[in-house]
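Okay, structure first, notes after.
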Amino acid sequence: MFCLGYLVKPNSRRFWGAQTVPGAARYFTSSRFLSSQNQVATREGLTARTTGILSTLIDSGASRQDRRLALSRAVTLIESTEARRKEQASILLQAISDASLAGSSSDSSPPSASGGAFRVGFAGPPGAGKSSFIEKFGLHVLGADADGKPTRSLASEPSGGVTFSPSTMAVLSIDPSSSYSGGSILGDKTRMPELSRHPDCFIRPSPTSTNLGGINAYTNDVIQLCQAGGYGLVVVETVGVGQSEVEVDKAVDMLILLVPPGGGDELQGVKKGIVEVADMLIVNKADGALLTTARHTCADYRGAVKWQGRGKSDIREGWKVPVLMASAKENTGVDKVWEQVMKFKEVQSKNGGLEEKRRRQGKYWMWKQVQEIIRLKTERDDDLKERANMLDRALMEGKVTP
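For the sequence shown, the positions run 501 to 902 when my numbering is used.
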């Protein structure tokens, strides 16, 4: 669904990365969507229902409830495996991208890859308390609970002032799917009862569908939908991940790793993988009987990050990975986490790291989509399917190797 963002103009070709999608997508989708002044034109192949979803989603004048409903329906369309719906989803994503470009066409400079919603990923092993922490984090960011009661005071703001204050946020919660039945409980939302009632927060649980890497195959596309729906902050909660499952870093601007107390010694911190790509580490559940253990774990990771490699140094120049303690149960440390998130966004925006990372992500998702298109074509082409069946029989007979 998501493709590399190339904007082709007369005598020029510029790369704009993950936040704009045209260009390479035109190779896989036909017809153009022309829009101005936030109006949707009828697009070839787009059904009336999908057109309605599109027009409501990108209409800033529509009611909040209508846009939430349109976003929910758009996500359902994106996650569908039915061929006709997948085609509609592909055209929908392209239309959203073209509408975004049309909205900025009056500006003399092309759109920046660092614009749009800021995307934060929360990863960690099973039982680290990701869902509970995200609820406290979200309520703090929005500044009030579902009933309007303030969740932070002005005294808790950083001394330098608020550099990033989104009024809305979306949470994409990825739940593991059964390797036997393919089903998923989608229960992470139940751990966010207050945040799920908040009028300014959209929470969408989705299954992994056996996809590895902590997210599912459509997470990046859904992020684009949330941005089109006007959400300023998009939070992605991964399934419980292992050390090598780092695909979530290809879909977010900042990756936060949550670890439980006693999660390993200093050696765990210097191992390659998820710890190496994390932009912030949080030792959660730092309360009660686990407080002392949490302090030891925090000290271990602080010592470990000093020895991390510099594989991401070119895109996070000037950023030192912080290691913090927090407790979702006692609601402590959340303000310091948000302060570091704002600081990271400011640093990365100034040094160009945010824009460069999104460009690399755009390339990654384009080639992943190309692989998916090839796979689907193989499954639907009768000749290729017959050849695959021949190889399958030969494999079962031991005549060829996998």
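Positions of the beta carbon are idealized from the N, C-alpha and C atoms, including for glycine.
Is the beta carbon of residue j closer than 9 Å to that of residue i?
{"i": "Glu913", "j": "Phe637", "result": "With the chain running from 501 to 902 in the structure shown, residue 913 is simply not present."}
{"i": "Ala574", "j": "Leu546", "result": "no"}
{"i": "Ile674", "j": "Asn716", "result": "yes"}
{"i": "Leu554", "j": "Ala599", "result": "yes"}
{"i": "Ile578", "j": "Ala728", "result": "no"}
{"i": "Pro676", "j": "Val746", "result": "no"}
{"i": "Gly773", "j": "Ile815", "result": "no"}
{"i": "Ala778", "j": "Val821", "result": "yes"}
{"i": "Ala799", "j": "Thr832", "result": "no"}
{"i": "Val823", "j": "Val837", "result": "no"}
Count the other CB atoms within 10 Å of the CB of residue i; is the residue buried (16 or more) or exposed (fewer)?
{"i": "Lys509", "result": "In this predicted model, Lys509 has a pLDDT of only 38, less than 50, meaning its place in the structure is not dependable; the value taken from the coordinates is given anyway. So Lys509 ends up on the exposed side."}
{"i": "Asn889", "result": "exposed"}
{"i": "Arg567", "result": "buried"}
{"i": "Ala670", "result": "buried"}
{"i": "Ala623", "result": "buried"}
{"i": "Leu884", "result": "exposed"}
{"i": "Ser631", "result": "buried"}
{"i": "Lys750", "result": "buried"}
{"i": "Glu776", "result": "buried"}
{"i": "Trp807", "result": "exposed"}
{"i": "Thr903", "result": "With the chain covering only 501 through 902, there is no way to say anything about residue 903."}
{"i": "Ile874", "result": "exposed"}
{"i": "Gly898", "result": "exposed"}
{"i": "Thr901", "result": "exposed"}
{"i": "Thr878", "result": "exposed"}
{"i": "Gly629", "result": "buried"}
{"i": "Gly687", "result": "exposed"}
{"i": "Leu767", "result": "Low confidence applies to Leu767: its pLDDT is 49, below 50, so where it sits in the model is not reliable, and the reading given next is rough at best. Exposed: under 16 other Cβ atoms inside 10 Å."}
For residue i, which option in the options has the closest C-alpha, if you only look at C-alpha atoms?
{"i": "Phe618", "options": "Gly730, Leu686, Gln565", "result": "Gly730"}
{"i": "Gly732", "options": "Asp753, Thr738, Val739, Gly740", "result": "Asp753"}
{"i": "Thr797", "options": "Gly762, Asn831, Gly818", "result": "Gly762"}
{"i": "Pro625", "options": "Tyr864, Glu855, Glu737", "result": "Glu737"}
{"i": "Phe702", "options": "Ser555, Glu855, Val821, Gln565", "result": "Gln565"}
{"i": "Glu839", "options": "Met896, Met780, Ile815", "result": "Met780"}
{"i": "Pro705", "options": "Arg795, Lys689, Lys877, Glu830", "result": "Lys689"}
{"i": "Ala789", "options": "Pro760, Thr708, Ala548, Gly773", "result": "Pro760"}
{"i": "Glu817", "options": "Val837, Tyr801, Val783, Glu856", "result": "Glu856"}
{"i": "Glu830", "options": "Pro707, Arg859, Leu791, Arg549", "result": "Leu791"}
Apart from the five residues just before and just after residue i, which ones in its own chain have a Cβ nearer than 7 Å to its Cβ?
{"i": "Val834", "result": "Lys636, Phe637, His640, Ala826"}
{"i": "Lys586", "result": "Ser580"}
Which partner residues does residue i have in the DSSP bridge list?
{"i": "Ala644", "result": "Pro650"}
{"i": "Asp675", "result": "Pro707"}
{"i": "Phe480", "result": "Nothing can be reported for residue 480: it is not among the residues displayed for the chain, which extend from 501 to 902."}
{"i": "Thr556", "result": "Bridge partners of Thr556: none, in fact."}
{"i": "Leu824", "result": "Ile782"}
{"i": "Met669", "result": "Cys701, Leu733"}
{"i": "Gly740", "result": "Gly624"}
{"i": "Thr832", "result": "Ser827"}
Could you name the residues of the same chain whose beta carbon sits closer than 8 Å to that of residue i, not counting the 5 residues immediately before and after it, in chain order?
{"i": "Arg697", "result": "Ala646"}
{"i": "Gln695", "result": "Looking at the sequence itself, residue 695 is Leu, so the reference to Gln does not match. Ile634, Glu635, Gly638, Leu639, Ala646, Val671, Cys701, Ile703, listed in sequence order."}
{"i": "Thr651", "result": "Leu639, His640, Leu642, Gly643, Ala644, Asp645"}
{"i": "Arg691", "result": "Ser631, Ser632, Glu635"}
{"i": "Val870", "result": "none"}
Considering only residues of the same chain and omitting the five flanking positions on each side of residue i, which have a CB-CB separation below 6 Å?
{"i": "Thr668", "result": "Asp700, Tyr731, Gly732"}
{"i": "Val734", "result": "Ala617, Arg619, Ala670, Ile723, Cys726"}
{"i": "Gly621", "result": "Val736, Val748, Val752, Leu755"}
{"i": "Asn851", "result": "Glu817, Gly818"}
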